[in-house]
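Take the sequence shown: its position 451, counted from the start at 1, is 1040 in our numbering, and no numbers get skipped. Note that beta-carbon positions come from the ideal geometry of N, C-alpha and C, so glycine has one too. Keep in mind that this is a model prediction, so the values were computed, not measured. Reviewing the structure listed below.
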Amino acid sequence: MTHHTITIAAGDGIGPEIMTAVRGILEAAKCPLIYEEVEVGEKAYLAGHSSGITPQAWDIVRKNPVLLKGPITTPQGSGYKSLNVTLRKTLGLFANVRPCRTYAPFVATQHAGMDVVVVRENEEDLYAGIEHRQTVDVFQCLKIITIPGTEKIIRYAFDYARNNGRKKITCLVKDNIMKLTDGLFADTFRRLGEEYPELEKNVQIIDIGTARVAVNPKQYDVIVTLNLYGDIISDVTAELTGSVGLAGSANVGERISMFEAIHGSAPDLAGKDMANPTALLQSAVMMLVHLGLSAHAETIQNALLCTLEDGLHTGDIFREGVSTQRVGTRAFGAAIIERLGRAPQTLPIVKFSSATAKTQPYVRPSVKRELCGVDLFICEENSDPELLASKLNAASAGTLKLKLMTNRGVKVWPDGFPETFCTDHWRCRFVHTEMTPSAQPPVYPILDGAVIPRLMKQLHDAGIDVVKTENLYLFDGQRGFSLGQGE
Ligand code: NAD
C-alpha cells in the first residue's frame, strides 16, 4: 500500500496532548502515513515570526498534500497575525467544511438527531482584510465576492452533498440587502443546483436561517454560505452539539488541505490530561477520507462511536446518568484503540464515500464591459447637501453631470430629507451630461474614460477633496452597481 507523507503540527496548549492521542490511534489503525512534524504557533511567534510559522515549516507544509494541525495560541498584542488566516489564504484553502452532529442518547444534548455540515467559503468576503479610514468620520471594509470563488465553493458544497449521500442543501445569504455580492452567491447556487436534481435545495436569508439553525438544527443537512456568515453559523452548530471538543474541520484547497479541530488551545486544560481529543480525531478522519483512505477512516470513526456509546467520556461531555466513566485524554485514546474493528450498536455505522469533490477550471465568461459613470467619494465637513451639490455642479461644468449624492448610502440630493444625518463622507454619482434623469428604466450613455481624470482635476482645482473613486460599468448592458437608497 502506498504511504502518504503528511505534515503534523501539534500546536499549543492542549495541542500536544490531543495530537499524541490522535497519532496513537492512527498508528494503531495502521494508517499508511509517514509523519513530518513542524513547529508552528506560540514558539514561532515569540521567535519573531509574525505569522507563527518559520520558513522551514512553510517548506514542509507546501511540500506535503495535507497538514494535520493542533490549535494555536495567538499571543496577545498587535503585530501578530493569525496563523490560520495566513495558512488559509496563502495555500488557497477555499472551503472550510465543518460537520457537526450529536450522539444522543450517549452524549447529552438538546438536539438529538442533529447532523449538519457547514461549508464555508474561506478566502473572500470581508476577510479579504481591505480596510480604510477615509475621513474623520468614516471607516470602511471591502466585501469582495468573485465569480470564480463563488462557483468553486458552491460546486464543492454540491459535490460534497452528493458524494456523502446528503439529501438537502441550504444556501444562506443576505441578498435582499447585498443584491450584487450575496445576489451572485444565491444566483450561482440556483444555477449550479440544476446539475444536482437529486438534492433538495433552498436559499434562506442568513438572519432567519441562523435563528432556525439555533432552534431546530435538525431541519438542516448541508449549509453553504459566505465567509463571515459561515464563521458565525459554524460556531453556532458546533456549540449545539454539546462540546467544542467534538467537532473537526477540513480546510480544503486544490493542492494542499489542512485539517484541524475547531476549538482553540484551551489553556485552562493544558497539561492536565483532561482535553477531549475527539475534534482533532474527527479532523484526522476527514483527512484520511481526503487521502482516499476511507476504510481506515471508517475503522477509526466506528471505534470512536463505540467508545462514546460505552459511556467513556472526557470531562467536557461527562454527565451523571449518561456517562459510565470519566476518562482523561490518554485513557480516551486507549479506549478507542481497544475498540478498533468494532461497530457501534446503536449509533449508525459509518461508511465514507471514496469520491472526492473535484474543482473545475474557471472559464471567464465573455462579457462586454462599458463605462457609464463614476462615484466620487468626497470628504466635506459642511453638512448641507444643497451647498455641496451647487459647488460640485459649478466645478464639473462641461465634463460630467451630478446625478445624485448619498450619505451612508441614503440619497440626500436631489430631494433629500432634512432628517437624514450626514457624516463628512459623501458619495457623489456623476454620469454622462446627456443622461435623462427621469428615464425609467434609466438609460446610461457610455463614457470615454478620459473624462474622469478631467473631472477630478476640475474638482481638485475647486478645492474639493476626493478621497476615492469607483467607476460605474454596464456588463452586457446590465448595471454593475447598486442604486443609492431612494435613487
Ligand atoms: P478554546 O476553544 O480554546 O476554549 C473554549 C472553552 O472550550 C474552554 O473552556 C476550553 O476548556 C474548552 N475546550 C476547548 N477545547 C476542548 C477540548 N478539546 N476538550 C475539552 N474542552 C475543550 O477557546 P478560547 O479560550 O477562546 O481560546 C484559547 C486560545 O485558542 C486563544 O489563544 C485563541 O486565539 C486560540 N484559538 C485557536 C484556534 C485555532 O488554532 N484553530 C481556534 C480558536 C481559538
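- Task: Tell me, please, whether the stretch 670 to 685 touches the stretch 929 to 936 by the rule of three or more beta-carbon pairs shorter than 8 Å.
- Result: no
message: Considering Cα atoms alone, identify which of E789, K861, L817, L676 is closest to D771.
response: L817
Please confirm whether L1036 and S985 have their CB atoms less than 8 Å apart.
no
| request: Going by CA-CA distance only, name the one from L1044, T735, S942, A800 that's closest to Y951. | output: T735
Alpha-carbon to alpha-carbon, G637 and A864: 29 Å
Considering only residues of the stretch 928 to 984, which uninterrupted alpha helix (DSSP H) runs meet the minimum length of 4 residues and lie entirely inside it, listed in chain order? 974 to 984
Query - C-beta contact flag for C1077 and M994 at 8 Å - result: What is shown of the chain runs 590 to 1076, which leaves residue 1077 out entirely.
Practice problem: Pick helix, strand or coil for Q729, following the three-state DSSP scheme. | Solution: strand
Every unbroken beta strand (DSSP E) inside the stretch 628 to 700 [3 residues or more]
655 to 658, 684 to 690
Please list, in chain order, all residues of the same chain as G604 whose beta carbon is under 7 Å from its beta carbon, the five residues on each side excluded. G659, P660, S854
How many angstroms separate the CA atom of F695 from the CA atom of A944? 30 Å
Confirm, please, whether the CB-CB distance from E631 to P664 is below 8 Å. yes
- Item | Between the CA atoms of K741 and L676 - distance to the nearest angstrom | 18 Å
Query raised in the report: Going by Cα to Cα distance, which pick from D648, F941, V650, T888 is closest to L615?
Result: The candidate whose alpha carbon is nearest that of L615 is T888.
Neighbourhood of P737 by C-beta distance below 6 Å, restricted to the same chain and skipping five residues each side: Its chain contains Y951 as the residues whose beta carbon lies nearer than 6 Å to that of P737, once the 5 sequence neighbours on both sides are disregarded; these appear in chain order.
So, with DSSP's three-state summary, where would you put A850? Judged by DSSP in its simplified three-state form, A850 adopts strand.
_Beta-carbon proximity list for V1032, same chain, < 8 Å, skipping 5 on both sides_ = Around V1032: M1024, T1025.
Starting from the C-beta of K1057, find all residues in its chain whose C-beta is less than 7 Å away, skip the five residues before and the five after it, and write them out in chain order.
-> If we look at K1057 and ignore the five residues flanking it on each side, its Cβ neighbours are Q723, F966.
Practice prompt. Compute the minimum distance between the beta carbon of G834 and the heavy atoms of ligand 1, and state whether it is under 7 Å.
Written response: Yes; taking the cut-off as 7 Å, the Cβ of G834 has a heavy atom of ligand 1 nearer than that.
ask   = Closest by CA to V813, which one among N765, A775, N996?
value = A775
| field | Close Cβ partners of A633 (< 6 Å) along its chain, the five nearest in sequence each way excluded | value | Cβ within range, chain order: G641, I642, T643.
How about T918 and A598: do their beta carbons lie closer than 8 Å? no
Spatial neighbours of S1071 within its chain, please: CB distance less than 8 Å, with the 5 preceding and 5 following residues excluded, ordered by chain position. K768, L769
Sequence-distant residues of its chain with Cβ nearer than 8 Å to Y1062 (five each side left out): R958, E959, L960, C961, G1069, F1070
Kindly indicate the opening and closing residues of the alpha helix (DSSP H) around F778. F778 -> alpha helix (DSSP H) spans 770 to 782.
Can we count L858 as close to ligand 1, meaning its CB is less than 7 Å from some heavy atom? yes
Where the alpha helix (DSSP H) through V611 begins and ends: In the DSSP annotation of this structure, the continuous segment of the alpha helix (DSSP H) that includes V611 starts and ends at 604 to 617.
**Rounded separation between G910 and A697 - CA only** = 10 Å
### Message
How far does the beta strand (DSSP E) with A803 in it extend, from its first residue to its last?
### Response
Careful: A803 lies outside any beta strand (DSSP E), inside the alpha helix (DSSP H) at 795 to 804.
- Query: Between the stretch 831 to 847 and the stretch 803 to 810, do three or more beta carbon pairs fall short of 8 Å?
  - Reply: no
Could you give the C-beta distance for L657 and V650, rounded to a whole number, given that I count them as a contact under 8 Å? Incorrect: roughly 11 Å between the Cβ atoms, too far for contact.
message: Using the Cβ count rule (16 or more neighbours within 10 Å means buried), how would you classify C895?
response: buried
| said: Suppose you measure from the CA of N753 to the CA of Y669; what does that come to, to the nearest Å? | reply: Those two C-alpha atoms are separated by around 38 Å.
Helix, strand or coil for S912 per DSSP? coil
In whole angstroms, what is the alpha-carbon distance linking R779 and K990?
38 Å
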